[in-house]
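Chains as they are written, first to last, in numbering that gives the first Met the number 0: chain A, 0 to 138; chain B, 0 to 138; chain C, 0 to 138; chain D, 0 to 138. Input: a single structure, listed below in structure tokens.
Number of protein chains: 4
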Amino acid sequence: MDRANEDRIRDSFNRQALLKTLGASLGAVREGHAEIVAPILDLAKQQQGFGHAGLAFSIGDSAAGYAALTLLELDKEVVTSEIKINLLAPAMGERLIARGRVIRPGRRLLVVASDVYAERDGQEIHIAMLTGTMVPVPV
Amino acid sequence: MDRANEDRIRDSFNRQALLKTLGASLGAVREGHAEIVAPILDLAKQQQGFGHAGLAFSIGDSAAGYAALTLLELDKEVVTSEIKINLLAPAMGERLIARGRVIRPGRRLLVVASDVYAERDGQEIHIAMLTGTMVPVPV
Amino acid sequence: MDRANEDRIRDSFNRQALLKTLGASLGAVREGHAEIVAPILDLAKQQQGFGHAGLAFSIGDSAAGYAALTLLELDKEVVTSEIKINLLAPAMGERLIARGRVIRPGRRLLVVASDVYAERDGQEIHIAMLTGTMVPVPV
Amino acid sequence: MDRANEDRIRDSFNRQALLKTLGASLGAVREGHAEIVAPILDLAKQQQGFGHAGLAFSIGDSAAGYAALTLLELDKEVVTSEIKINLLAPAMGERLIARGRVIRPGRRLLVVASDVYAERDGQEIHIAMLTGTMVPVPV
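The following block contains the structure:
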């Protein structure tokens, strides 16, 4: 993946206010793959004190979207068309890591998947699995 | 729906930090139905200036969860097992309204749906459709 | 919906070998809506003697696809991009009825939904709910 | 996986009339994994001459269900609670292979995934990805 592509992905990420609100940062990015890391801030918890499903969803969805964007020309953005999340375990631990990947690229739509892990005592617990569809749109 | 039930739902809602962060409030609640309203705060936007998919997801998921909770005994909570969102239009307008409902109640799991609308110039635009599964757990 | 449109939908239906195998027939079709009816043949059962999830899926998916096709020009077909089924009750009874509808039309993709009912002693039991995405393709 | 477990899985498979109708057979089965193979019979095609989405769904869903069953006691069956399929490529080729696996086991529900491949000229093409939830029930 060339530098211009990574730059526009980091620029796009920096304009995502919700991800900033959640304290998320963009991790490793390479062709067809993108990683987003986020702490479990108090402001993102649900009523039992775990991270809200909306937190895992937001970083999982965005990691999948940026994975798709790595494969698109510089004059394209992506929007999520649909995405499903299966929640596997409570979002508790030091931080969450979402790893998105492209399952099938395409000109009109890209099928993507994302897995979210909670780091707990040095271990990664698989807490959510997402599959979805991204649609390229002009910037 | 009796008063004790509505009280515990409002109590639970008030403990959801993420929903507070997003500026959401609980609207009408009745048996099998719950409504959540949220502005589109700058802090919840995506890179194009619309509400992030995570915003529509968070209030849609929570509205579906509270719809389920209206049908459960007072010593139960619900957690989302899985939920899928189809995004229909950009989240732009004065505010978003999520309306959750129970499609099929059950002792072990409840199938739910939720629709999210954007209020724009006095009209409601359907921006997202969710279907999911909620699991009752002890408080 | 004009006659030419309904004709091509019935022609398309008649070329669907799997639906013929399942004994399905096309019911009412109107703009944005299509109905498919099927008996629960022995050949379509699962190990407990109920209709297989694949039966409810096949007619639910096809009803949604034809609902989409009612809105497209005559030189288009649709293919399913993704579809999720929530199973609500066992497929038992005299016959199944799938009712598909378009939730949001679009040039590049159409968001659809479908509900499947089992007719049992003159009553309709809601046995499955589907939501999906259809993509128009040239014939 | 012990012999009694594999036997009951093969017994269950043999009682699935729809899978027999589709010409499917049970392939390798091991703890948390199950494989189903099916030709693309004329009777299972859609209007364009490819395998119907209902064929990929039926074997993908069943492979995921049997993957779940490998982890359950002998007095249990599983039923599909929900499952989503993303279709990646047309079902064309010599035969389809569905590989199901358990993502997260559980007493009340199991999260599963399944991938379906078409064998074409000695190559496997990934044609469908499924994720779902299985619920154990008494036999």
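Ideal Cβ placement from N, Cα and C applies to all residues, glycine included.
Starting from residue 5/A, trace the alpha helix (DSSP H) in both directions and tell me its first and last residue. 2-13
Cutoff 7 Å; reference residue 102/A; Cβ partners in own chain excluding five residues on either side: 110, 111 and 112
Whose CA, out of 71/C, 12/C, 138/C and 90/C, lies closest to the CA of residue 224/C? Nothing can be reported for residue 224/C, as the shown portion of chain C is limited to 0 through 138.
For chain D, find out if any of its Cβ atoms is closer than 8 Å to the Cβ of residue 20/B; answer yes or no. Output row for residue 20/B: interface = no.
Residue nearest to residue 19/A in terms of C-alpha spacing, selected from 36/A, 28/A, 5/A and 133/A: 36/A
For residue 118/A and residue 84/A, believed in contact at Cβ under 8 Å, the rounded distance: Contact flag wrong, Cβ pair sits at about 19 Å.
Run through the DSSP bridge pairs and tell me what residue 95/D is partnered with. 37/D and 117/D
Alpha-carbon spacing of residue 77/C relative to residue 88/C, whole angstroms: Straight-line spacing of the CA atoms in residue 77/C and residue 88/C works out to 29 Å.
On the three-state DSSP scale, how would you describe residue 140/D? Because chain D in this structure spans residues 0 to 138, residue 140/D falls outside the shown range and cannot be described.
Taking 7 Å as the cut-off, is the C-beta of residue 131/C nearer than that to any heavy atom in the ligand GDP? Of ligands this structure carries none, so the ligand GDP is not represented either.
Pairwise C-alpha distance: residue 123/C and residue 43/B: 42 Å
According to the neighbour-count rule (16 or more other Cβ atoms, all chains shown, within 10 Å of its Cβ), is residue 14/B buried or exposed? Exposed, since its Cβ has fewer than 16 Cβ neighbours within 10 Å.
Against residue 81/D, what residues of chain B qualify as contacts under a CB-to-CB distance less than 9 Å, listed in chain order? 80, 81, 83, 110, 130, 131 and 132
Is there a C-beta anywhere in chain B that falls below 8 Å from the one on residue 37/A? no
Straight-line CA distance for residue 48/D to residue 11/C? 11 Å
From the DSSP output, which residues share a beta bridge with residue 122/D? 119/D
Uninterrupted beta strand (DSSP E) stretches inside the segment 18-77 of chain D (no shorter than 3 residues): 24-29 and 32-38
Closest by CA to residue 4/C, which one among 24/C, 31/C and 108/C? 31/C
Give me the Cβ distance between residue 115/B and residue 58/B, rounded to the nearest whole Å; I'm assuming they're in contact under 8 Å. 7 Å
Could you check if residue 138/B is buried or exposed, using at least 16 other CB atoms within 10 Å of its CB as the buried criterion? exposed
Using beta carbons (cut-off 8 Å, strictly below), is residue 96/B in contact with chain C? Closer than 8 Å: no.
Within 8 Å (strictly less), CB to CB, does residue 9/A reach chain B? The beta carbon of residue 9/A sits no closer than 8 Å to any beta carbon of chain B.
In whole angstroms, what is the alpha-carbon distance linking residue 75/A and residue 107/A? C-alpha separation (whole angstroms): 12 Å.
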